[in-house]
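FYI, in this note's numbering the residues of the sequence shown are 33 to 458.
Backbone N, C-alpha and C fix where the C-beta goes; we use that ideal spot for every residue, glycine too.
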Amino acid sequence: MTAADTRGPGRSWLLRLVITFSFAQGAVSMARPAVSYRALALGADERAIGVITACYALLPLLAAVPLGRRTDQGRCAPLLVVGVALIGGGCALAGLAGSLPAMAAWSGVMGLGHLCFVIGAQSIVARRSAPEERDRNFGHFTVGASLGQLIGPGAAGLVISEHDGRMAPTSATALIVAGAVAAVSYVSLWRLEQRPRRAPAAGGPAPAARAPVPVRHILRTRGVPAGIFMSLAVLSATDVLTAYLPVVGEDRAIAPTTIGLLLSLRAAATITCRLVMTPMIRWLGRTALMAGSCALAGLLCGGLMLPVPVWALAVMLSALGFCLGVGQPLSMTTVVQAAPERARSTALALRLTGNRLGQVAAPAGAGLLAGLAGTAAPFVLLGTLLLASAGLAARTGGERDGGSTPVAGGGERPARRDRKQTRREP
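(1) For residue 495, which residues of its own chain have a beta-carbon under 7 Å away from its beta-carbon, when the five flanking residues on both sides are left out?
(2) For residue 108, which of helix, strand or coil comes out of DSSP?
(3) Straight-line CA distance for residue 133 to residue 198?
(4) Within the segment 68–115, note down every full alpha helix (DSSP H) run reaching 4 residues or more, in order along the chain.
(5) For residue 309, which of helix, strand or coil comes out of DSSP?
(6) At the level of alpha carbons, what is the spacing between residue 299 and residue 118?
(7) Helix or strand or just coil, what does DSSP make of residue 138?
(8) From the DSSP output, in three-state form, read off residue 254 for me.
(9) Mind listing, in chain order, the continuous alpha helix (DSSP H) runs of no fewer than 4 residues lying wholly within the segment 128–212?
(10) To the nearest angstrom, how far is the alpha carbon of residue 412 from that of residue 351?
(11) In this structure, does DSSP put residue 339 in helix, strand or coil?
(12) If you reduce the DSSP assignment to three classes, tell me which class residue 414 lands in.
(13) Identify, in the order they occur along the chain, each residue of the same chain with its Cβ nearer than 7 Å to the Cβ of residue 213, setting aside the five sequence neighbours on each side.
(14) What does the alpha-carbon distance come out to for the pair residue 223 and residue 47?
(15) Tell me the DSSP secondary structure of residue 437 in three-state form.
(16) Here's the rule: buried if 16 or more other CB atoms are within 10 angstroms of the residue's CB, otherwise exposed. What is residue 249?
(17) What is the rounded straight-line gap between the Cα of residue 45 and the Cα of residue 360?
(18) Measure the beta-carbon distance from residue 389 to residue 264 and round it to whole angstroms, keeping in mind my assumption that it falls under 8 Å.
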């Protein structure tokens with residue numbers, strides 16, 4: 033991977049990337065609850081919903097690291113093109129599917145497309161952002177995901193109807209519409225990546241000819257495991273929440289339109305969080321912000337199992353959305369800053385592998401728990417994951433105090449804690 037390329041006409045590339053991501057994520061966020069509703073219409077139970085949701089992450093789990101290796105030594109933009117095509121095709125074909133195995137297969141294609149898009153897009157942000165801009169740029173980049181998550185579930189709720197046995201055809205319509213939304217991404221998918229500027233070789237091998245950094249070396253780098261686990265926990269919470277809130281709505285007689293609005297409310301709170309990310313880092317510090325947000329999100333997830341009225345559920349989901357907004361951008365920055373420069377795309381791919389591992393294990397575990405203990409049980413699992421992530425973030429942050437600390441604008445500078453501790457040693 034070449035060094036960060038921050039040259040170019042302002043940050044128009046970032047705005048266009050956010051727009052592209054909004055449409056791609058909007059299609060996925062519209063399709064995910066629609067897949068659950070269509071599977072219910074085809075006779076799925078809670079366990080089957082868990083399996084279908086896990087299939088979304090199965091192909092990406094196997095493909096993430098090879099795609100990251102390829103991106104470290106090549107261009108990022110082609111992955112965006114392929115990713116949008118797979119998302120759109122997977123959504124549309126899931127809408128035409130008439131069996132649960134076919135739903136699971138096309139859900140997997142959709143997940144693979146999302147992985148391709150995200151690896152390419154995150155790598156573009158990492159390459160084109162100076163170190164002091166990464167927190168801000170990754171925060172703005174993930175606003176695109178939040179916009180998609182804001183619009184997608186609400187749009188699905190407006191299209192899907194359960195009256196007069198219409199859930200099957202209306203959920204199919206929602207999936208086909210989601211495929212069309214994904215195709216709109218191509219409008220802003222141009223010149224997001226500049227051609228790499230390579231310096232002439234000076235007796236050494238070209239960067240592409242160097243041996244890749246071993247995966248085990250990347251995973252042993254301080255800060256990388258914590259960033260991966262935080263991202264896994266946060267995305268698992270978002271994913272299971274999107275898949276199982278419709279099931280909770282069915283149990284509590286909450287209409288699909290209301291469920292869609294609740295999911296959109298959570299996404300709106302996440303957008304708000306990411307717009308004020310830099311001031312929060314300056315005020316609290318990166319470690320406290322990561323640990324505190326995960327801990328509070330874990331408690332709120334556990335609270336969702338309570339039989340509260342819809343207005344209280346809306347308040348809890350708003351607070352939960354705000355807390356979940358912290359984890360993704362800061363885990364990206366943590367992984368990029370910690371990983372070797374020529375292995376940053378691979379490190380981001382490992383982070384996405386962790387995400388997909390969580391998306392396979394968490395829904396499957398949630399489906400098992402839902403089958404054994406009811407639809408509220410999966411939220412206890414999510415709360416446990418988030419509390420564990422908070423503890424790991426606090427521990428790793430304490431260890432890293434001797435290496436770097438946040439500065440204004442989201443960058444890092446060497447800290448002095450170790451030297452002070454050394455002076456206190458006898």
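This is what the structure gives:
(1) Outside the displayed span of the chain (33 to 458) sits residue 495, for which this structure offers no information.
(2) coil
(3) 21 Å
(4) If one requires a minimum length of 4 residues, the alpha helix (DSSP H) runs lying completely within the segment 68–115 are 78–104, in chain order.
(5) helix
(6) The straight-line gap separating the alpha-carbon atoms of residue 299 and residue 118 is approximately 24 Å.
(7) The answer is helix: DSSP assigns residue 138 an H, G or I state.
(8) In the structure shown, residue 254 sits in coil (DSSP, three-state: anything other than H, G, I, E or B).
(9) Fully enclosed alpha helix (DSSP H) runs of 4 or longer: 132–160, 166–191.
(10) 17 Å
(11) It is coil, neither helix nor strand.
(12) helix
(13) 55, 58, 59, 62
(14) One C-alpha to the other measures close to 12 Å.
(15) Legend: pLDDT at residue 437 = 38, less than 50; position of this residue unreliable, value from coordinates given subsequently. It is a strand residue.
(16) exposed
(17) 20 Å
(18) 7 Å
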